[in-house]
Amino acid sequence: MNYKSFALITKMDKKLNSQHPTYESVPFGMLLAIVGGFLDAYTYIGRGGVFANAQTGNIVFLGIYASKGEWHQALAHLPPIIAFVLGVIVAEAIKDNSPRLFLLHWTPAILLFEMTVLIFIGFITNTAHNSIVTVIVSFVSSVQISSFRKLVDSPYCTTMSTGNLRSAFRAVYIAVTQKDRTSGIRALRYFVIILAFVSGAFLGGLLTFNFGVRAIWGAAVVLALTVVLFRVGERRRLRKS
């Protein structure tokens with residue numbers, strides 16, 4: 309990824325601004341992906357060596373322990389799964405009720421809700437059981453996944469990279485075999501998001517090594533920047549429409 313590639317993406321996105329809201333833009337997605345990578349690094353380094361964003365591992369372990377009749381171990385993997393499900397419900401509830409409850413567009417309502425929860429996590433000391441934190445992070449991750457699922461014209465995820473990686477190289481294949489410029493641009497967008505996720509993991513690891521459990525407040529700062537980006541972007545988009 310180089311400057312010319314990113315400039316090309318930005319130019320294309322500006323042309324689409326009248327059709328797509330700010331929360332579907334590449335810069336917005338980059339900030340959310342930074343948060344996603346940050347959270348995984350934080351829970352792995354500072355909260356018990358667990359990746360809390362995705363639930364595949366918990367579901368697999370639930371099945372494995374259940375197959376062996378080790379129900380105590382199996383049930384120990386249920387709380388983060390339940391928290392993830394609750395995150396989906398909460399995200400949809402905020403989107404449906406934000407005008408009445410928050411007097412805000414649902415996007416900043418979601419982001420401010422995430423920020424509040426992450427700030428709270430920073431006050432949970434190392435003496436608390438790590439599973440408490442990983443369950444809460446699973447909840448936050450679910451809220452973000454459920455709320456922001458579209459990057460300009462394509463589905464994506466800001467807290468996991470497997471699907472983005474698959475979509476990126478599918479787009480590369482189409483771009484090369486069919487000489488499709490649109491797929492090439494789409495692939496570049498995905499690579500930018502993946503790079504942002506890696507950058508977030510780097511930042512999360514660096515801050516957690518240096519500041520411990522309170523490092524998660526760095527992710528809250530990134531979310532605050534995302535709120536600012538949304539406000540500025542929407543004003544510009546509405547001015548041009």
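Counting with this note's numbering, you get residues 309 to 549 for the letters of the sequence shown. Cβ coordinates follow ideal geometry from the N, Cα and C atoms, glycine included. In this text, all values refer to a predicted model and were calculated from it rather than measured experimentally.
With contacts defined by Cβ atoms closer than 7 Å, Ser449 and Pro388 do not form a contacting pair. Annotated three-state conformation of Pro329 is coil, per DSSP. DSSP places Ser507 within a helical segment (H, G or I) once states are collapsed to three. Nearest in C-alpha terms to Ser469, of all of Leu515, Phe499, His380, is Phe499. Val521 and Gly430 do touch by the CB rule: their CB atoms are close to 6 Å apart, below 8 Å. Taking Gly356 as the centre and dropping the five residues before and after it, the same chain places the C-beta of Asn438 closer than 6 Å to its C-beta, in chain order. With a threshold of 16 other beta carbon atoms within 10 Å, Ser333 meets it and is buried.
Look at Ser462 here: in three-state DSSP terms it is strand. The three-state reading of DSSP puts Thr435 in coil, since its state is none of H, G, I, E or B. Taking C-alpha positions only, Met423 is separated from Arg478 by approximately 34 Å.
For Thr424, the uninterrupted alpha helix (DSSP H) segment begins and ends at 414 to 429.
At a Cβ-Cβ threshold of 7 Å, Gly508 and Ile342 count as neighbours.
The DSSP-derived three-state label of Phe369 is helix. Sixteen is the threshold: when 16 or more other Cβ atoms of the shown chains lie within 10 Å of the Cβ of Asn361, as they do, the residue is buried. Distance from the Cα of Val443 is smallest, within the candidate group Asp348, Ala391, Thr516, for Ala391. The three-state reading of DSSP puts His380 in helix, counting H, G and I together. In this structure, Ala495 sits near Val480, with a CB-CB distance shorter than 7 Å. Distance from the CA of Ala401 to the CA of Leu511, rounded to the nearest whole angstrom, comes to 31 Å. At least 7 Å separates the beta-carbon of Ile482 from that of Ser475.
The straight-line gap separating the alpha-carbon atoms of Gly526 and His413 is approximately 24 Å.
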